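This report refers to the structure that appears directly beneath it.
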Amino acid sequence: MRAIQITEFGGPEVLKESELPDPVPGDGQLLIDVDSAGVNFADTHTVEDSYLSRSTLPLVPGSEVVGRTGDGRRVVALVDNGGYAQKAVAQQALAHELPDEVTDGQALALVVQGLTAWHLLRTCARLTPGESVVVHAAAGGTGSLAVQLAREFGAGRVIATASTAHKRDLALRLGAHAAVDADPDGLTERLTEANGGRRVDIVLEMTGGPVFDASLAALAPFGRLVAYGMASRTPATPVEPAQLMGRSRSVIGFWLAHCLGRPGMYHEPLAELLAMTAQGRLRPQVGGVYALGQAAAAHTELRARRTVGKLVLDVTR
Numbered sequence: 001m002r003a004i005q006i007t008e009f010g011g012p013e014v015l016k017e018s019e020l021p022d023p024v025p026g027d028g029q030l031l032i033d034v035d036s037a038g039v040n041f042a043d044t045h046t047v048e049d050s051y052l053s054r055s056t057l058p059l060v061p062g063s064e065v066v067g068r069t070g071d072g073r074r075v076v077a078l079v080d081n082g083g084y085a086q087k088a089v090a091q092q093a094l095a096h097e098l099p100d101e102v103t104d105g106q107a108l109a110l111v112v113q114g115l116t117a118w119h120l121l122r123t124c125a126r127l128t129p130g131e132s133v134v135v136h137a138a139a140g141g142t143g144s145l146a147v148q149l150a151r152e153f154g155a156g157r158v159i160a161t162a163s164t165a166h167k168r169d170l171a172l173r174l175g176a177h178a179a180v181d182a183d184p185d186g187l188t189e190r191l192t193e194a195n196g197g198r199r200v201d202i203v204l205e206m207t208g209g210p211v212f213d214a215s216l217a218a219l220a221p222f223g224r225l226v227a228y229g230m231a232s233r234t235p236a237t238p239v240e241p242a243q244l245m246g247r248s249r250s251v252i253g254f255w256l257a258h259c260l261g262r263p264g265m266y267h268e269p270l271a272e273l274l275a276m277t278a279q280g281r282l283r284p285q286v287g288g289v290y291a292l293g294q295a296a297a298a299h300t301e302l303r304a305r306r307t308v309g310k311l312v313l314d315v316t317r
């Protein structure tokens, strides 16, 4: 089968198309003929071995696929790497059948980024109606969905951040009440101003470094900052307990892997997201479709923050 394999860690240049043997499913697993694979920012960390879990070489990246099972069912599934290939193996428990109304790209946007956005708001931040929500990287895969879900779940004010006017305009079209420049310099003040001069209740933060610091400073009493990424690859200033106690603030970490296998944390929210998409209430953004052999180009664009929404590899090309 055709696949993208890495034999050394590094940047996009290590992503090479190869011919590999078909994977063999074990007990409780499915073999999926892959039509489309999702590209996540986490994949860029996997390829350079800088993610939360360590990688082992050689490696076929990719954690999400849409395709057909041996009995003809069309499914979206999470895989333990191996997604950038014509065939992939998934645990049966992590394969979810798709409604005909949902496209491959939409499904791939929902299985990682959609579930992440859902859990950031529901499980971690515990958004209550009327609260203000800041969504960083609001034009990205997770951010573009979090803006829409925050509105759907009753946020009183949704404040988006993005690096360009084009991306900020997209966030406004998706339902953000305000959109501000993501530059960390002066960010605390811009977030407060966008919230009518008041500090904010919830921040969804995936950049790290000075953006994390500025976001923490923008939190109101009982505010919650949910950290779910480290895109800047820059550490934030260590947080002392007194900083949290002084304003009754919370910092919460989230990694989707901890939801897998826990009752009610995978299939149920995914079914809700798919139903919302089929009904037109949720609009997953597909920002680019690349041929399988263009995986390195997709990673290059993603790392340079020149993309919006979900990036997809068309494995049939």
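Using UniProt numbering, the letters of the sequence shown map in sequence onto residues 1 to 317. For glycine and all other residues, C-beta sits at the position ideal for the given N, C-alpha and C. Since we're looking at a predicted model, the values are computed, not measured.
- [ ] With residue 164 as the anchor, note down where its beta strand (DSSP E) starts and where it stops.
- [x] Careful: residue 164 lies outside any beta strand (DSSP E) and carries neither H nor E.
Task: Uninterrupted alpha helix (DSSP H) stretches inside the stretch 66-153 (no shorter than 4 residues) - done: 104-109, 115-119, 141-152
Task: Runs of alpha helix (DSSP H) lying entirely within the stretch 1-64, each at least 4 residues, in chain order - done: 41-48
Open item on the list: Just to confirm, is the Cβ distance from residue 221 to residue 247 under 8 Å?
Closed with: yes
Task: DSSP state of residue 319 mapped onto helix, strand, coil - done: Absent from the model: residue 319. The displayed extent of the chain is 1 to 317, so no value can be given.
Task: Proximity test, residue 28 beta-carbon vs the ligand FAD heavy atom, cut-off 7 Å - done: Questions concerning the ligand FAD fall outside what the structure shown contains, since it holds no ligand whatsoever.
- [ ] Could you check if residue 258 is buried or exposed, using at least 16 other CB atoms within 10 Å of its CB as the buried criterion?
- [x] exposed
Open item on the list: Measuring straight from C-alpha to C-alpha, what distance separates residue 137 and residue 147?
Closed with: 10 Å
- [ ] Enumerate in chain order the residues of its own chain whose CB-to-CB distance from residue 272 is below 8 Å, with the five nearest sequence positions on each side excluded.
- [x] 118
- [ ] Mind the definition here: the stretch 96-114 touches the stretch 34-42 only if three or more C-beta pairs lie below 8 Å; say whether that holds.
- [x] yes
TODO: Please confirm if residue 24 has its CB atom under 8 Å from at least one CB of chain C.
DONE: Given the protein chain composition of this structure (a single chain), no chain C is represented.
Open item on the list: Are the CB atoms of residue 77 and residue 59 within a distance shorter than 8 Å?
Closed with: no
Task: residue 129 classed as buried or exposed, judged by whether at least 16 other C-beta atoms fall within 10 angstroms - done: exposed
TODO: Would you list, in sequence order, the uninterrupted alpha helix (DSSP H) runs of no fewer than 4 residues that lie entirely inside the stretch 216-268?
DONE: 241-245
TODO: In the DSSP assignment, find the beta strand (DSSP E) that holds residue 179 and state where it starts and stops.
DONE: 178-181
Open item on the list: Out of 9, 79, 99, which one is the CA nearest neighbour of residue 278?
Closed with: 99
Open item on the list: Taking the beta strand (DSSP E) that residue 204 belongs to, which residues open and close that run?
Closed with: 200-205
- [ ] Measure the C-alpha to C-alpha separation of residue 45 and residue 51 and round it to an integer number of angstroms.
- [x] 5 Å
Open item on the list: I'd like the span of the alpha helix (DSSP H) that includes residue 297, first residue to last.
Closed with: 295-303
Open item on the list: Under DSSP, the beta strand (DSSP E) around residue 291 begins and ends at which residues?
Closed with: 286-291
Task: residue 24 versus residue 308 - alpha carbon distance - done: 35 Å
- [ ] Work out the CA separation of residue 219 and residue 21 for me, nearest whole Å.
- [x] 52 Å
- [ ] Go ahead and label residue 113 buried or exposed: buried means 16 or more other beta carbons lie within 10 angstroms of its beta carbon, across all protein chains shown.
- [x] buried
Open item on the list: Measuring only the C-alpha atoms, how far is residue 204 from residue 79?
Closed with: 25 Å
TODO: Compute the distance between the beta-carbons of residue 2 and residue 92, then report whether it is under 8 Å.
DONE: no
Task: Option in 122, 236, 317, 224 with minimal Cα separation from residue 265 - done: 122
TODO: Find out if the Cβ-Cβ distance for the pair residue 158, residue 200 is shorter than 8 Å.
DONE: no
Task: When 63, 16, 151, 49 are compared against residue 281, the one with the closest alpha-carbon - done: 151
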